[in-house]
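Visitor: Mind looking over this structure? Questions follow.
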Amino acid sequence: DGGITQSPKYLFRKEGQNVTLSCEQNLNHDAMYWYRQDPGQGLRLIYYSQIVNDFQKGDIAEGYSVSREKKESFPLTVTSAQKNPTAFYLCASSIPPQPRQPQHFGDGTRLSIL
Amino acid sequence: AQSVAQPEDQVNVAEGNPLTVKCTYSVSGNPYLFWYVQYPNRGLQFLLKYITGDNLVKGSYGFEAEFNKSQTSFHLKKPSALVSDSALYFCAVRDRYNNNDMRFGAGTRLTVKP
């Protein structure tokens, strides 16, 4: 079955440490997205990518970095510059440029501070 | 920029009763509107969308939503609630001309009691 796989499901970060969240999709979608979910705040866009080797900042990109070297992969690095990284991180994909199509989501990674 | 408001943090209904989860939106032009559902520690799952045409949209699991342009609303409804419908529901809006900018509401937690 086609879908989006996020790993790990749970991740713990020490102070000053960078951590990388994995997102892989086999839907053959061109566009991929990273969202951060905090209780009562809905989803906020961190980064998105419409095509390989290209990506754009979202609303809350500070303290995060991404790469898009392959169509099916869009890893997110949470750097030590992100002072409040505890959240639920969701990866999504869609078919651009068709705004009428919904985004498909992975099952998320929950990041906590040790 | 577009935005979405879900005025109720929590909705409680008895099993078998009709349910409504409210959503209002703000966009400069004509919107694309979406409803998603999220179960604990899972990603968002697409329920239904409004693109154009009939104001009553039918989706998965017996859910439907009514688009009201004059009230800028897109309320989610179901005639008879199930305990298994208990989850977090998100409304989202996308500008027709900006595929990358999908805005989510803060979410409404639906609890269906037996």
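If you read the sequences in order, they're chains A and B.
Reading the first sequence from the start, the letters are residues 1 to 114 in the numbering used here.
Reading the second sequence from the start, the letters are residues 1001 to 1114 in the numbering used here.
All C-beta atoms in this analysis are idealised placements derived from N, C-alpha and C, irrespective of residue type, glycine included.
(1) Once the 5 residues before and after B/P1007 are set aside, which same chain residues still bring their CB inside 8 Å of it?
(2) Does DSSP put B/Y1039 in a helix, a strand or coil?
(3) In the DSSP output, which residue or residues are listed as bridge partners for B/H1075?
(4) So, with DSSP's three-state summary, where would you put A/Y47?
(5) Please list, in chain order, the residues of the region 96-107 of chain A that have any C-beta partner in chain B closer than 9 Å.
(6) Bridge partners of B/N1012, per DSSP?
(7) Please tell me whether A/W34 and A/I46 are closer than 7 Å, where the distance is taken between their beta carbons.
(8) Check whether chain B comes within 7 Å of A/G137, counting only Cβ atoms and requiring the distance to be less than that.
(9) Would you mind working out which of A/D54, A/N53, A/I60, A/M32 sits nearest A/L43, comparing C-alpha positions?
(10) Applying the criterion that 16 or more other CB atoms from any shown protein chain within 10 Å of the CB defines a buried residue, is A/G41 buried or exposed?
(11) Straight-line CA distance for B/G1029 to A/R13?
(12) Which residues bound the beta strand (DSSP E) around B/A1087?
(13) Beta-carbon of B/K1078 versus every beta-carbon of chain A: anything under 7 Å?
(14) Any heavy atom of the ligand FAD closer than 6 Å to the CB of A/G2?
(15) Any C-beta of chain A sitting closer than 7 Å to the C-beta of B/K1022?
(16) Please go through the same chain and pick out, in chain order, the residues whose beta-carbon is closer than 7 Å to the beta-carbon of B/V1083, but skip the five residues on each side of it.
(17) Report back the beta-carbon spacing between A/L76 and A/T5 to the nearest angstrom; my notes put them in contact at under 8 Å.
Guide: The structure says:
(1) Mapped onto the second sequence, residue 1007 of chain B falls at position 7. Closer than 8 Å at Cβ, skipping near neighbours: K1022, T1024.
(2) Numbered from its first residue, the second sequence carries residue 1039 of chain B at position 39. The answer is coil: DSSP assigns B/Y1039 none of H, G, I, E or B.
(3) In the second sequence, residue 1075 of chain B corresponds to position 75, counting from 1. B/E1066.
(4) Against the first sequence, residue 47 of chain A aligns to sequence position 47. Note: A/Y47 maps to strand in three-state DSSP.
(5) P96, P97, Q98, P99, R100, Q101, P102, Q103, H104, F105, G106, D107
(6) Translated into the one-based positions of the second sequence, residue 1012 of chain B becomes position 12. Per DSSP, B/T1111.
(7) Taking the first residue of the first sequence as position 1, residue 34 of chain A is located at position 34. Taking the first residue of the first sequence as position 1, residue 46 of chain A is located at position 46. Result yes, Cβ atoms of A/W34 and A/I46 sit closer than 7 Å.
(8) What is shown of chain A runs 1 to 114, which leaves residue 137 of chain A out entirely.
(9) On the first sequence, position 43 is the one that residue 43 of chain A refers to. The shortest C-alpha separation from A/L43 is found at A/I60.
(10) Working through the first sequence from its first residue, we reach residue 41 of chain A at position 41. Checking the sequence, you will find Gln at residue 41 of chain A rather than Gly. Exposed is the call here.
(11) One-based indexing of the second sequence puts residue 1029 of chain B at position 29. One-based indexing of the first sequence puts residue 13 of chain A at position 13. Computed Cα separation, rounded: 43 Å.
(12) Start at 1 with the first residue of the second sequence, and residue 1087 of chain B comes out as number 87. Per DSSP, B/A1087 belongs to the beta strand (DSSP E) from 1087-1095.
(13) The residue you call residue 1078 of chain B lines up with position 78 of the second sequence. Not an interface residue.
(14) As far as ligands go, the structure on display features none, and thus does not contain the ligand FAD.
(15) Translated into positions along the second sequence, residue 1022 of chain B becomes position 22. Not one chain A Cβ lies under 7 Å of B/K1022.
(16) Position 83 of the second sequence holds residue 1083 of chain B. Excluding sequence neighbours, B/V1083 sits near E1015, V1112, P1114.
(17) The count along the first sequence starts at 1 and reaches residue 76 of chain A at position 76. The count along the first sequence starts at 1 and reaches residue 5 of chain A at position 5. The Cβ separation is near 14 Å, so there is no contact.
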